[in-house]
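Protein chains in written order, with my numbering: chain F, 1 to 111; chain R, 112 to 223.
All C-beta atoms, glycine included, are put in the ideal place defined by N, C-alpha and C.
The model shown is predicted, which means the values in this text are computed figures rather than measured ones.
Set out below in structure tokens:
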């Protein structure tokens, strides 16, 4: 599976929009891009998944350019409770292939 | 909303003891996984399980580890003879096929 690279940490003030960019230069044609969120002492939680262009749900938006070599998770108007580690993963469409987590981006939201 | 449940939430054990961590995946899911996370480190894949057998395992999942789905609902991880370095959060996860992987809240294992 393609390796992902994302910033180790980011800080933001409450109410701001936060964009976390992930690079995955070696993504395969059929791979999806998936983002998970992890609070301290909890299991990772699925946020959003996309293949190309833009995907939006009630939590976040995911922007994927045409070459799919990167993606940007956008969190609108963050609050203190959005403080967490955010993982970008490249996922094979086969249900059998385990997810491989990197170190993620530690987002700290400040009042 | 259906969820993956894990027990115990925290277990303290002596080095060399056997430990069994239990998970109840979401009922209609078909793929099951164990991950672990040592304090301050990344989430590491241990093993995946499908159709009543291991489908993939990492190099961490050595002979000390085993998994079982004894009764169609529980999914267990056994560590035969715990070592200090087995201290970690162990997460069970399940999924129906592709897409969202549902994780449990984890079992914290402390080996003394």
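(request) Assess, as a yes-or-no matter, whether the segment 70-89 of chain F is touched by the segment 35-45 of chain F under the definition of 3 or more beta carbon pairs within less than 8 Å. (result) Yes, they touch.
(request) Could you check what DSSP says for residue 170/R in three-state terms: helix, strand or coil? (result) Residue 170/R falls in the coil class under three-state DSSP.
(request) Identify the contact partners of residue 156/R in chain F, using a Cβ-Cβ distance below 9 Å as the criterion. (result) Here the neighbours are 98, 99, 100 and 101.
(message) Suppose the cutoff is 6 Å on Cβ atoms and the five residues either side in sequence are ignored; what does the same chain contact list for residue 160/R look like?
(response) Hits under 6 Å: 143 and 178.
(message) Does residue 195/R come out as helix, strand or coil in the three-state DSSP assignment?
(response) Here residue 195/R carries a helix assignment [DSSP, helix/strand/coil].
(request) Output yes or no for whether 9 Å exceeds the beta carbon distance between residue 62/F and residue 71/F. (result) Pairing residue 62/F with residue 71/F gives a Cβ-Cβ distance under 9 Å.
(request) Take residue 66/F as the anchor and find which of 52/F, 33/F and 4/F has the nearest alpha-carbon. (result) For the options 52/F, 33/F and 4/F, the alpha carbon positioned closest to that of residue 66/F is the one of 52/F.
(message) Which of the three DSSP states is assigned to residue 82/F in this structure?
(response) Of the three classes helix, strand and coil, the one that applies to residue 82/F here is helix, per DSSP.
(request) Express the C-alpha separation of residue 207/R and residue 114/R in angstroms, rounding to a whole number. (result) Counting only the Cα atoms, residue 207/R lies some 13 Å from residue 114/R.
(message) Within 10 Å of its beta-carbon, does residue 115/F have 16 or more other beta-carbons around it, so buried, or fewer, so exposed?
(response) Since the first residue of chain F shown is 1 and the last is 111, residue 115/F is not available in this structure.
(message) Under 9 Å, Cβ to Cβ, is there at least one residue of chain F near residue 129/R?
(response) Closer than 9 Å: no.
(message) With a threshold of 9 Å between beta carbons, is residue 71/F in contact with chain R?
(response) Taking Cβ atoms only, chain R never reaches closer than 9 Å to residue 71/F, which makes this a no.
(request) With 9 Å as the limit, tell me which residues of the segment 20-43 of chain F have their beta carbon closer than that to any beta carbon of chain R; keep them in chain order. (result) Those residues of the segment 20-43 of chain F that come within reach of chain R (Cβ to Cβ, closer than 9 Å) are 32, 34, 36, 38, 41, 42 and 43.
(request) Check the DSSP bridge columns for residue 154/R and list the partner residues they point to. (result) Per DSSP, none; premise fails for residue 154/R.
(request) Output yes or no for whether 9 Å exceeds the beta carbon distance between residue 148/R and residue 202/R. (result) Contact: yes.
(message) Looking only at its chain, what residues have a beta carbon closer than 6 Å to the beta carbon of residue 167/R, apart from the 5 residues adjacent to it on each side?
(response) Take residue 167/R, set aside five residues on each side of it, and the residues of its chain with a beta-carbon closer than 6 Å to its own are 159, in chain order.
(request) Classify residue 156/R as buried or exposed, calling it buried when 16 or more other Cβ atoms lie within 10 Å of its own Cβ. (result) Answer is buried; the Cβ neighbour count reaches 16.
(request) Quick one: grab the DSSP three-state call for residue 59/F. (result) The three-state secondary structure of residue 59/F, taken from DSSP, is coil.
(request) Find out if the Cβ-Cβ distance for the pair residue 60/F, residue 25/F is shorter than 9 Å. (result) Their beta carbons are not under 9 Å apart, which means residue 60/F does not touch residue 25/F by this criterion.
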